[in-house]
Amino acid sequence: MRLRPQFDREKGFSLLPTCRILRLLYDPRGRRSGWTISSSSDGSLLSLSSSQSPAPCTSSHGLRNPSKDGLVCTARKPWIAVGMRNVDYKRARHFEVDLSAFRNVLDIDKERMIARVEPLVNMGQITRVTVPMNLSLAVVAELDDLTVGGLINGYGIEGSSHIYGLFSDTVVAYEIVLADGRLVRATKDNEFADLFYAIPWSQGTLGLLVAAEIKLIPVKEYMKLTYKPVIGNLQELAQGYLDSFAPRDLDQDNPEKVPDFVETMIYNPTDAVCMTGRYVSKEEAKKKGNKINRQRFWFKPWFYQHAQTAIKKGEFVEYIPTRDYYHRHTRCLYWEGKLILPFGDQFWFRWTLGWLMPPKVSLLKATQGEAIRNYYHEMHVIQDMLVPLYKVGDALEWVHREMEVYPIWLCPHRIFKTPIKTMIYPEPGFEHERRQGDTEYAQMYTDIGVYYAPGPVLRGEEFDGSEAVRRLEKWMIENHGFQPQYAVSELNEKDFWRMFDASLYEDCRKKYGAVGTFMSVYYKCKKGKKTEKEVQEAEQAHLETADAEQD
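Every letter in the sequence shown is one number past the one before it in the UniProt record's numbering, and letter 269, counting from 1, is 269.
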């Protein structure tokens, strides 16, 4: 379908202004729940919930009847998830399990440096607990509402991922309810090691995640952030980005050469700002002459616009409170806030009503009809491209040529070699042909975040959003890239498994009884509404395949 959009730069994609007011009344258990603090006598272990065990799973339907009830999924409403998919699989026959009580921080173990949390704990919640202790998850995704379960079963990244990898790479153990009702604890070195490596990117299709143990790191009170402008063509911007965190001598594990945090924003085909951060103490941050930026104050300029000032005024340094820095993109949802509320970045609005930002993503989704969602998918891009670091320049040129979306977000991350090949994996032989950013044990990738209305849409020209995404997916398959499945995907099943590796995932589906109980990951990510007939056919096809292979 090709559409000729009628896009209004002043009105943008804004919803009713009442959504800002409704946000005050709408926050399902958000800030008021999740943890109560009590500490042990020596202070080494803190219990942060009323129970040391995950909450019980419940279903309003009683016991599942496989012949009648359909495949298992959570009872979470489609509009609550932060992702862009319509969660169409929940429109067909399915069996719901209610995990809504699983939103507690269970333990913070200072000796083991492990946080044990339930899947609906979000990033805002965990940083409120850990940062005052000078502790943090190794990878803290930027938006407050992103949950542990989504970041594990799906995808999660942060400016520290060039050191620690993706969010799922920082998990030490998963507690999973399998299809037969068993609760198992999977680690990389126990009898469930294969399940441990298969869980990331599986979208909850191997079992129900009820808790996770995640690595903690020591942090300091402030982030010393350096803003460095880069001017040039897209290949030159890409090289400036590489040089900001990846030594050309390949000394990637040297903390003197590699910053704690990295991100780059490309504002147009010739201008970018590279940001690098290092943790520092409050004593250093408050030294005379240092500039402190309390970024989370409601009246502050939106972060991406603040960073953009470096293009005119040149390189500068400032100190941001650590938790403010972690959630720097929350108030403006990167730069999507400009489309949702075009005047939201204005001085008068920030001072008087800025405290209403951001609108809850789930509230925005709940107030959209299907026609609006489909229009949004066609006229707007929210995609992440995970590509090898050395291909960033080529990817940027492709995005400019095919979509012309700006700003663009760049964030590096490692993909580790693992004993078992997982759904995403580094390029074969990368360790023998090490490039900038690579080590012997991990290949450096970059998330290229493409979020905004494309240039043709802004100019009122024709743009086929679905076809553009199909071309993007084809480019990623050809260049060993990966597409996070929170976004709308146009992949057919064959191409889905060309992009991702199915071997471990399918082995675990059969071994742990997920076939016929949980839907497959492709089926769960597939675009479009599923009919009951399609559900039945999908179930039967998987069951027949499993039976044939057992014979």
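We treat Cβ as the ideally placed atom computed from N, Cα and C, and that holds for glycine. Note that this is a predicted model, so its numbers are computed, not measured.
With DSSP collapsed to three states, give me the class of Q203. Sequence index remark: in the sequence shown, residue 203 carries index 203 (1-based). DSSP places Q203 in coil when its eight states are reduced to three.
Which of the three DSSP states is assigned to M385 in this structure? On the sequence shown, residue 385 is found 385 positions in, with the first residue counted as 1. Reduced to three states, the DSSP call for M385 is strand.
Would you tell me roughly how many angstroms separate the C-alpha atoms of K282 and N290, rounded to the nearest one? Residue numbering aside, residue 282 sits at position 282 when the sequence shown is read from its first letter. Residue numbering aside, residue 290 sits at position 290 when the sequence shown is read from its first letter. Rounded to the nearest angstrom, the two C-alpha atoms are 11 angstroms apart.
Could you tell me which of Q443, V121 and V521 sits nearest to Y505, measuring between CA atoms? Taking the first residue of the sequence shown as 1, we reach residue 505 at position 505. Per the Cα distances, V521.
With a Cβ-Cβ cutoff of 8 angstroms, do D501 and T418 count as a contact? Here residue 501 is taken as the residue at index 501 of the sequence shown, counted from 1. Here residue 418 is taken as the residue at index 418 of the sequence shown, counted from 1. No; because the gap between Cβ atoms is not below 8 angstroms, this pair is not in contact.
Report the rounded CA-to-CA distance for P119 versus T147, giving the unit in angstroms. On the sequence shown, residue 119 is found 119 positions in, with the first residue counted as 1. On the sequence shown, residue 147 is found 147 positions in, with the first residue counted as 1. Cα-Cα distance, rounded: 7 angstroms.
Give the range of the beta strand (DSSP E) segment to which residue 556 is assigned. No information on residue 556 is available, as it lies outside the stretch 1 to 551 that the chain covers here.
Counting only the same chain and skipping the five closest in sequence on each side, list residues whose C-beta sits under 8 angstroms from that of T74. The residue given as residue 74 occupies position 74 in the sequence shown. Cβ neighbours of T74 beyond the five flanking positions: E96, V97, D98, L99, G204 and L208.
Would you report the Cα separation of A186 and E440, rounded to the nearest angstrom? Taking the first residue of the sequence shown as 1, we reach residue 186 at position 186. Taking the first residue of the sequence shown as 1, we reach residue 440 at position 440. In a straight line, the C-alpha of A186 is about 26 angstroms away from that of E440.
When the Cα atoms are used, what is the spatial distance from R116 to G513? Residue 116 sits at position 116 when you count from the first residue of the sequence shown. Residue 513 sits at position 513 when you count from the first residue of the sequence shown. Cα to Cα, R116 sits roughly 26 angstroms from G513.
Distance between E284 and S489 (C-alpha atoms, nearest Å): Counting from one through the sequence shown, the residue named residue 489 turns up at place 489. Counting from one through the sequence shown, the residue named residue 284 turns up at place 284. About 46 angstroms.
Less than 8 angstroms between the beta carbons of V129 and Y326, yes or no? By 1-based counting over the sequence shown, the position of residue 129 is 129. By 1-based counting over the sequence shown, the position of residue 326 is 326. No, these two residues do not count as a Cβ contact at 8 angstroms.
In angstroms with no decimal places, state the Cα-to-Cα distance between W302 and Q295. In the sequence shown, counting from the first residue as 1, residue 302 sits at position 302. In the sequence shown, counting from the first residue as 1, residue 295 sits at position 295. Approximately 8 angstroms, taken between the alpha carbons.
How would you label N122, buried or exposed, when you count the other beta carbons within 10 angstroms and need 16 or more for buried? Counting from 1 along the sequence shown, the entry for residue 122 is found at position 122. Taking all protein chains in view, the Cβ of N122 is crowded by 16 or more other Cβ atoms within 10 Å, so the residue is classified as buried.
Leaving aside the five residues before and after A453 along the sequence, list all residues of the same chain whose C-beta is less than 6 angstroms from its C-beta, in chain order. Here residue 453 is taken as the residue at index 453 of the sequence shown, counted from 1. These residues qualify, in order along the chain: H380.
How is M423 classed by DSSP in three states: helix, strand or coil? By one-based count along the sequence shown, residue 423 stands at place 423. M423: coil per DSSP, three-state reduction.
Do R323 and V105 have their CB atoms nearer than 8 angstroms? Counting from one through the sequence shown, the residue named residue 323 turns up at place 323. Counting from one through the sequence shown, the residue named residue 105 turns up at place 105. In this structure, V105 does not lie closer than 8 angstroms to R323 by Cβ.
Alpha carbon to alpha carbon, how far is K338 from L356? Position 338 of the sequence shown holds residue 338. Position 356 of the sequence shown holds residue 356. Approximately 14 angstroms, taken between the alpha carbons.
Nearest by alpha-carbon distance to Y279: which of H329, Q252, N233 and K220 is it? On the sequence shown, residue 279 is found 279 positions in, with the first residue counted as 1. The option with the nearest alpha carbon to Y279 is K220.
Could you give the DSSP three-state label for M379: helix, strand or coil? As a position in the sequence shown, residue 379 is number 379, starting the count at 1. Looking at M379 - three-state DSSP - the assignment turns out to be helix.
Euclidean distance between Cα positions of I152 and E336: Along the sequence shown, one-based indexing puts residue 152 at 152. Along the sequence shown, one-based indexing puts residue 336 at 336. I152 and E336: Cα-Cα distance of roughly 24 angstroms.
List the whole-angstrom C-beta distance separating T446 from P407, where the pair is believed to meet the contact cut-off of C-beta under 8 angstroms. By 1-based counting over the sequence shown, the position of residue 446 is 446. By 1-based counting over the sequence shown, the position of residue 407 is 407. About 15 angstroms; that fails the 8 angstroms criterion.
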